[in-house]
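Chains as they are written, first to last, in the working numbering: chain A, 2 to 288; chain B, 7 to 278; chain C, 4 to 278. Taking it in order: structure first as C-alpha cells, then the write-up.
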Amino acid sequence: MSQYEEDLHLIWGEQVSLLQVKDVTHHYTARKLFKWKAPSKQVLSNVSFSIEEGACLGMLGPSGAGKSTLGKVMLGLERPQSGQIFFQGHDLYKAEQSIRRKIRRDLQAVFQDSYSSVNPRMTAEQIIAEPLENYERLTIAEQKRTIIELLERVGLTEEDLTKYPHQFSGGQLQRINIARAVSLKPKLIVLDESVSSLDMVTQTLILDLLKELKNDFGMSYFFITHDLKAVYQLSDTLGVLDHGQLTGLYEKDRFLKSDHPVVKEMKRSILAEHPRFRSIGTRALQQ
Amino acid sequence: MGTEQSTVLQVRDLHVQVHNQKGNSTIVQGINFELKRGQVLGLIGESGCGKTVTSMSILQTLDPKTTKVEGSIALRGRELNGLAEQDMRKIRGKDIAYIMQNPMNAFTPVFTIGQQMIESIRSHTSFSKKQAKELATEALHHVNLPHPAKLLHSYPFQLSGGMLQRVMIAIAACLEPAVLIADEPTTALDVFNQKTVLKYLDGLRSEFGTAILLISHDLGVIAEMADEVAVMQNGRIVENGDVFQLFDEPKHDYTKKLLSARLTLPMDQLAT
Amino acid sequence: MISIRKIFKGPKVIAICTIILTVLLIIAVFAPWIAPHHPADVHLVYKLQPPSWTFPLGTDHLGRCNLSRLLYGARISLGFAMLIFISSLVIGLIIGTISGYKGGWIDQLLMRCCDGVMAFPNLILVLGLVGIFGPGLPQVIVALMLVQWVYYARIFRGMVLSLKEENFIAAAKINGSSQWKIIKQHIIPNVLPPLVVIGTLEMGWAIMDISAMSFLGLGVQPPAAEWGAMIHEGKSYIRTNPELMIYPGLMIMVVVVTFNLLGEALSDQYGVKRR
C-alpha cells in the first residue's frame, strides 16, 4: 500500500482488500545450545500481495519455496518474524482476542493430506459440527440438518454421517474437509495443495466442486500448489513464489505468455496431453 | 532397429485373493500382459484399482499368510510365482528393479546414500567396494545429480524427492535390470521434477533395453512415455492397446471417462 | 498349523481374560457374602487343619479360614491396585497433557519435577514414609502413587507432543476451537486408548508391588488379609504347611498373568483399529 492508501485506510476504517499480506518475512532458526548466532533458514522475504473479495489467487512455486509457510502465516497459525497480515482490515496478529475470534470464522483452510486433517476418532458429523458448535447457536436438530445439507452439497450422503475417517477414501475425506471449511460460509479459504494427493479423476471432481461453491457463496480462494493445470481451473490471478520471494503476479491470461523464468520452466515441465506431443519415449517429437 | 522385440516378462491369468476375517475377497483377476524388451507398458487406473497389488505380486512381496497369488508370472521363461524366497531375492533388484512412489521410504534414514547404493550394487554383483563406489558415482553423474562424490556422503533426508528418485534410477542403471517396475514414480514430486525423472527413466529403456512397467494414475505420464497401455478398473484390465490408439479411439467407457476427466490448459497460450 | 503365539492372541483371549477378571471383581466386591468365615476370626483349636467342609481350604497357623482370607485378600489387592493405578493415571494425564501442550517453561518445570521424583526407587520412598508414620497400607499406597504418575506423565507428554503437530489440531484452531476444547475433544481421546492397554499391564505390577511391600512387612499389617502378607506369615511353615504360601502365591500369579495376557491381546487388537 502506498502512504496515501494507508492513510485512506485509517481514515475510512474500511479495508481496501479482503486480505492483505504486507512485507512478510520469516525464517526458521535452528536452535543450537552454545552458539549465539544460530544459522537461520530464510523462508519468506518481503512478501506482499492482496486478495479482493470474490477473487481467487493461485500461488505457484516449487517445493521448498515457502508456499506452505506462507499459508500458515496467513491463517494466523504462525507469527512471521516481520510484516503484517491484514484480514478484513484487522491486523491478524495484533488484534484483540475477541476480534480475532470474530474474524476467524471467515478465514478457513483445506490442507493437502485429508486424513491427518481430521480427528480419527470423530465421525463425519462431529467433524463438520465443530465449527458450527463454536460459532452458531443452533439446536441439535437444526445443526444436524445443516450438516446433512453440507454433506449433500459436497456429493456425499446422509449415511456418511456416522462413518469414521478410515472408512472413507482420500477423495471423499477431502470433501468432508471442504464441507467443514464452508460450513460457516467464510470469506476466504486457503487451499494448501488440497488436490495434490488425489488421483486425476478425483482431482477434477474436487476442483469442479470448489468452483461451484465459489459461485454459490462468493468466496475467495488462496490456492497454493505446484500444479499449473490445477491452479488454472480456479484462479483469476497467479503468483509465483521462488525461494521465499514473490517474484511475479499476473492476471491469468497473461501468465502463460510471461517471460518469468519459473513460468517458462513450468511450461517446459508440463506433461503431454496426447502421445503425439510427447518429448520422451519412443516415437517422440524431436525437442 | 535391430533390437529383437522379445518378451521379457509375461503375466498370464493373474488372480490375487486376500484372506481377511470375512473370508476371501478378490483384489485382481484375469490379468494378462507382456513386457517386451525396450518397451514401456503403462498401467493406468484410479487409486485402489489393484495396480500396486499387481506389481507386488510380480515381485512376490505379498504376504503369503494372507494373500493367495494364482496364475503365471514368467521372467524370460522362468516361473516366478511360488519361487523360493532366496531365489526371488536374487532376482529382485537385479533382474526386476522397483521404483516406488515415495522415494523417501525407499531408503534407510540412518545410512548415507553412498552406503546404500554400494550395498545394493555389491549384493547383486561381485564388485569390490571401490569398484562399486566408482560405478555409483558414474551413475549419479549420468542422471545429472550435482557433485556425485559429495552426494554419496549425504543422508536421504538431505535430498529432495526428485533427487532421491534419480538416485533410485541410478541404482537401477548400475544393475542393468531386464525389467523395471515404476509405481507412481512422479506422483509425490512437484511438476518441476516430473519430466526430468521420466526422462532418466526412459534413459534406462534406451540404453539397456529395460522393459518398463509404468504405473500411474496420471494420463500425462502415460502420454509421455508409454508404448502400450493397459487400463485397470476394479481389479481387471478393461482395455489395452497401443498408446496412440487408446488416446484417439478409446473403446471402453471407463477409458473414455479417464480421458475426459483430464485438466487442460489453453493450448494456444502454451505455445510461446 | 497352530503356532503357540497365536493361541494367546485374538478376541478369544480377551474374552477369557475379561471373564476371569470379572469373576475376581465379583469375589472382591461380594467377599463378605461369599466367604464362609470372617478372615480375622481366630480358632486356635483348629489351627493348621487340612481342607474340610467347614474350612474348604484348611486353616492357617492361627486357625483362620484360608479360603476366606484369600477372598478378602482380593479386595485389598485388586481394590487398592486399581486405586493406585487410576489416581496415578489421572495425575500423570493432567501433568503430561499440560506439559506437552503448553511447552515452554511450564514443560521444563514439570519435567524437572518428574526427573526429581524418578530418582527415588519406590522402596526407598516407602521406607521413608514408614519411618515417619510407621508401617501401614496408606503409606504404601501413597508412595506407589507418587512414583507411578511420573511414568504416565512422560508417556502422555510424548503422545501430546506428536499429536500437537497433526493437521487436525491446526484445523481445530482454524475452526475456532478454544485451547480447552482442543485438549478435551482432540488430544485426550487420542491419547487415552493406548493407555487402556498399558494400564492392564500396569495393574499387574501394582498388585505385585503391594504384595511385595506387604511381604516385607511394610504395608498391610496383621490381622488384615492380603496375599503378600499371607505369604509373609506362611513362610515360617514352609516345611510343614506349604499351602499357606502356595494359595496366596497362586492367586497373585493368576491375577497378574491374566492382566498381562489381556494387555498384550488388547495391544494387538488396537494395532488394527488405527488406520
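Glycine residues also receive a C-beta, built at the ideal position from the N, C-alpha and C atoms.
Taking the CA atoms as reference points, Met-148 of chain C sits about 15 Å from Gly-139 of chain C. Counting only Cβ-Cβ distances below 7 Å, His-223 of chain B has contacts in chain A at Asp-200, Met-201, in chain order.
Burial state of Leu-257 of chain A is buried, judged by a 10 Å Cβ sphere holding 16 or more other Cβ atoms. Around Lys-100 of chain B, the same chain offers His-130, Leu-181, Pro-183 as residues with beta carbons nearer than 7 Å, after the five sequence neighbours per side are excluded. Sequence-ordered contacts of the segment 174 to 185 of chain C with chain A read Ala-174, Ala-175, Lys-176, Ile-177, Asn-178, Gly-179, Ser-180, Ser-181, Lys-184 [C-beta pairs closer than 9 Å]. Arg-80 of chain A and Tyr-94 of chain A have their C-alpha atoms spaced approximately 7 Å apart.
Contact of Phe-171 of chain C with chain A by beta-carbon distance below 7 Å involves Ser-117, Ser-118, Val-119, Asn-120.
Cβ-Cβ distances below 8 Å link Asn-38 of chain B to Val-17, Arg-18, Asp-19, Leu-20, Ile-243 in the same chain, with the five nearest sequence neighbours on each side left out; the list follows chain order.
Looking only at C:Tyr-155, C:Tyr-154, C:Val-153, C:Ile-185, the smallest Cα-Cα distance to Glu-168 of chain C is reached by C:Ile-185. Distances from the alpha-carbon of Phe-278 of chain A to those of B:Val-185, B:Ala-232, B:Thr-261, B:Glu-85 put B:Ala-232 closest. Taking a Cβ-Cβ cut-off of 8 Å, Ser-160 of chain B has no neighbours in chain A, whose nearest Cβ is about 16 Å from it. In terms of beta-carbon proximity, Tyr-29 of chain A stays away from the interface with chain C, with every pair separated by 7 Å or more.
Contact with chain C is found for Ala-110 of chain A, since one of that chain's Cβ atoms lies less than 7 Å from the residue's Cβ.
Against chain A, the CB of Ala-267 of chain B has a partner CB under 7 Å away; the residue lies at that interface.
In this structure the segment 99 to 116 of chain A touches the segment 175 to 192 of chain A; the number of beta carbon pairs closer than 8 Å is three or more. Within the segment 125 to 147 of chain A, those residues whose Cβ lies closer than 7 Å to any Cβ of chain C are, in chain order, Glu-131, Pro-132, Asn-135, Tyr-136. Counting only Cβ-Cβ distances below 8 Å, Leu-264 of chain B has contacts in chain A at Met-201, Val-202, in chain order. A direct Cα-to-Cα measurement between Ile-221 of chain B and Asp-208 of chain B gives close to 14 Å.
Going by C-alpha positions, Lys-238 of chain C is about 13 Å away from Gly-220 of chain C.
By the criterion of a C-beta distance shorter than 8 Å, Ala-178 of chain B is surrounded in its chain by Ala-103, Ile-105, Leu-186, Leu-210, Thr-216, once the five residues flanking it on both sides are discounted.
Per the coordinates, the alpha-carbon of Glu-274 of chain A lies some 54 Å from the alpha-carbon of Val-199 of chain C.
Pro-166 of chain A and Met-85 of chain C have their C-alpha atoms roughly 34 Å apart. Per the Cβ contact rule, the segment 27 to 38 of chain B is not in contact with the segment 86 to 96 of chain B (fewer than 3 Cβ pairs under 8 Å). Under the three-state reduction of DSSP, Tyr-116 of chain A is assigned to coil, being neither helix nor strand. By the criterion of a C-beta distance shorter than 8 Å, Lys-212 of chain A is surrounded in its chain by Gln-234, Leu-235, once the five residues flanking it on both sides are discounted.
Three or more Cβ pairs closer than 8 Å define a contact, and the segment 192 to 211 of chain A meets that threshold against the segment 222 to 230 of chain A.
When the beta-carbon positions are compared, Gly-48 of chain B and Ile-175 of chain B stay at least 7 Å from each other.
What Ile-225 of chain A touches in chain B, judged by beta-carbon distance under 8 Å, is nothing: the nearest beta carbon there is about 12 Å away. Per DSSP, the unbroken beta strand (DSSP E) holding Gly-240 of chain A starts and ends at 238 to 243. In the DSSP assignment, Asn-178 of chain A falls within the unbroken alpha helix (DSSP H) covering 171 to 183.
In terms of Cβ geometry, Lys-186 of chain A and Phe-218 of chain A form a close pair [threshold 7 Å]. Across the structure, Lys-262 of chain B and Pro-256 of chain B are spaced so that their CA atoms are roughly 6 Å apart. The beta carbon of Gly-167 of chain B sits closer than 6 Å to those of Pro-109, Ala-194, Leu-195, all from its chain and outside the five residues before and after it, given in chain order. A residue is called buried once 16 or more other Cβ atoms fall within 10 Å of its Cβ, and Trp-230 of chain C is buried on that count. Think of a sphere of 8 Å around the beta carbon of Met-231 of chain B: the chain A residues whose beta carbon falls inside it are Arg-279, Ile-281, Gly-282, in chain order. For Tyr-251 of chain A, the enclosing beta strand (DSSP E) starts and ends at 246 to 252.
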